[in-house]
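To start, the structure under review is shown below, and the notes come after it.
Residue numbers (the working numbering), protein chains in the order written: chain A, 73 to 250; chain B, 73 to 250.
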């Protein structure tokens, strides 16, 4: 379980925090990421928890393409980051697996869009729908300042998809490495 | 989050508790099911926690067939129950979504087998892989004593599937309503 803590201190400085759809979360000047719960967690303005899980939509050939080109988190040049919590509506979650997959990829090209921006934009997905959190997913992105325009293209493209019609809450937090 | 508590008291009497594959769990004479965490949870010999989530493999037409015939839990005549915790191996979880789906249904006919025993055998699936529990899934079944033979057929059929080759730990707990 990973906890993202919006606080007065942290390894990432919050450059901007804005609601994209639905209610926002309070502003915090910094973000601290806690991968391992400690007995003295950071006291924060807000906390968002999530866990990494098995892949839910990506098929074998898509994953092969991703693995061939993606780079990990923590690259020295990747001093820009974004944390984008989203929640999808009940209509999405009431769909069967094949219906969600068809919207996600065949209609919205979610994986194909992300693949286009690899290896520049690194990404890690955390799930939180099933643990009583206010969002369903927390996506963490890292990129170099020279790839900032590419990142804007990526989020703009995703927000124009059929899949995004099911997003009922989204907050966009942009960060700079301290 | 639902907690299954193996204890000295509870609404279900444990008739049998046996390992099917891998390590067992300690015997407890009763099972208490706690759907809502309270400030004074039952003190138990063991506790297994899980949550209901969105469907992961079932497609639209399969779900339609299930919804047309299934019955809910808590039927007065359904005085027999089974709690079957299982854990799948890393090979399973490393597969892409389409590969897991193909093994689950096209090769193993998991949904089709379950459908054959509806409405006699009611079923509810709890997920627990992502929350640090010792099992990946807890499946709860309820049926009338007259359907006990059908239930044996169902579990026997599932254990002979390709999917079950990925099960590395399984415990079978049979219960009678107190």
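Every residue, glycine too, gets a C-beta built ideally from N, C-alpha and C.
| Item | Value |
| --- | --- |
| Contacting positions in the stretch 162-184 of chain B - beta carbon closer than 7 Å to chain A | 165, 168, 169, 170 and 171 |
| Spatial distance of residue 208 of chain B from residue 105 of chain B (CA atoms) | 18 Å |
| For residue 213 of chain A, the first and last residue of its enclosing beta strand (DSSP E) | 209-215 |
| Per DSSP, cross-strand counterpart(s) of residue 228 of chain B | For residue 228 of chain B, which the question treats as bridged, DSSP gives no partner whatsoever. |
| Anticipated Cβ contact below 8 Å, residue 138 of chain B with residue 190 of chain B, distance rounded | 7 Å |
| Within chain B, the residues that residue 194 of chain A reaches when beta carbons sit closer than 9 Å | Result: empty, since nearest Cβ-Cβ is about 20 Å, beyond 9 Å. |
| Every unbroken alpha helix (DSSP H) inside the stretch 121-191 of chain A [4 residues or more] | 132-141, 162-165, 169-173 and 182-188 |
| Span separating the alpha-carbon of residue 136 of chain A from that of residue 93 of chain A | 33 Å |
| Rounded Cβ spacing between residue 242 of chain A and residue 161 of chain A (contact assumed at less than 8 Å) | Not quite, the Cβ-Cβ distance comes to about 12 Å (not below 8 Å), so this is no contact. |
| Short-range partners of chain A found in the stretch 118-131 of chain B, where Cβ spacing is below 9 Å | 123, 124, 125, 126, 127, 128, 129, 130 and 131 |
| Cβ contact (3+ pairs, closer than 8 Å) linking the stretch 121-134 of chain A and the stretch 166-185 of chain B | yes |
| Cβ-based contacts, 9 Å cut-off: residues of the stretch 198-209 of chain B near chain A | 199, 201, 202, 203 and 204 |
| Exposed unless 16 or more other CB atoms sit within 10 angstroms - verdict on residue 246 of chain A | buried |
| N- and C-terminal bounds of the beta strand (DSSP E) containing residue 236 of chain A | First-last for residue 236 of chain A: undefined, no H or E at that position. |
| Under 8 Å between C-beta atoms of residue 147 of chain B and residue 214 of chain B | yes |
| Near-chain B residues of the stretch 229-243 of chain A (beta-carbon distance less than 9 Å), N- to C-terminal order | none |
| Cβ separation of residue 216 of chain B and residue 149 of chain B, assumed to be a contact under 8 Å, to the nearest whole Å | 4 Å |
| CB contact below 8 Å: residue 159 of chain A versus chain B | no |
| Check whether residue 145 of chain A and residue 185 of chain A have beta carbons under 8 Å apart | no |
| Distance, residue 152 of chain B Cα to residue 212 of chain A Cα | 46 Å |
| Collapsed DSSP secondary structure at residue 251 of chain A in the structure displayed | Summary: the structure shown does not reach residue 251 of chain A, with chain A confined to residues 73 through 250, and so no result is reported for it. |
| DSSP three-state assignment for residue 81 of chain A, whether helix, strand or coil | coil |
| Cβ-based neighbour list, residue 80 of chain A, same chain, cut-off 7 Å, excluding 5 preceding and 5 following | 101 and 102 |
| Per-residue contacts from residue 135 of chain A into chain B (C-beta, under 7 Å) | 168 |
| CA-to-CA distance, residue 244 of chain A to residue 90 of chain A, given in whole angstroms | 5 Å |
| Candidates B:173, B:183 and B:205, of which the one nearest residue 142 of chain B by Cα | B:183 |
| Top-ranked residue by Cα proximity to residue 176 of chain A, from A:83, A:232 and A:220 | A:232 |
| Extent of the continuous beta strand (DSSP E) to which residue 96 of chain A belongs | Looking at the DSSP string, residue 96 of chain A is not in any beta strand (DSSP E), and its letter there is neither H nor E. |
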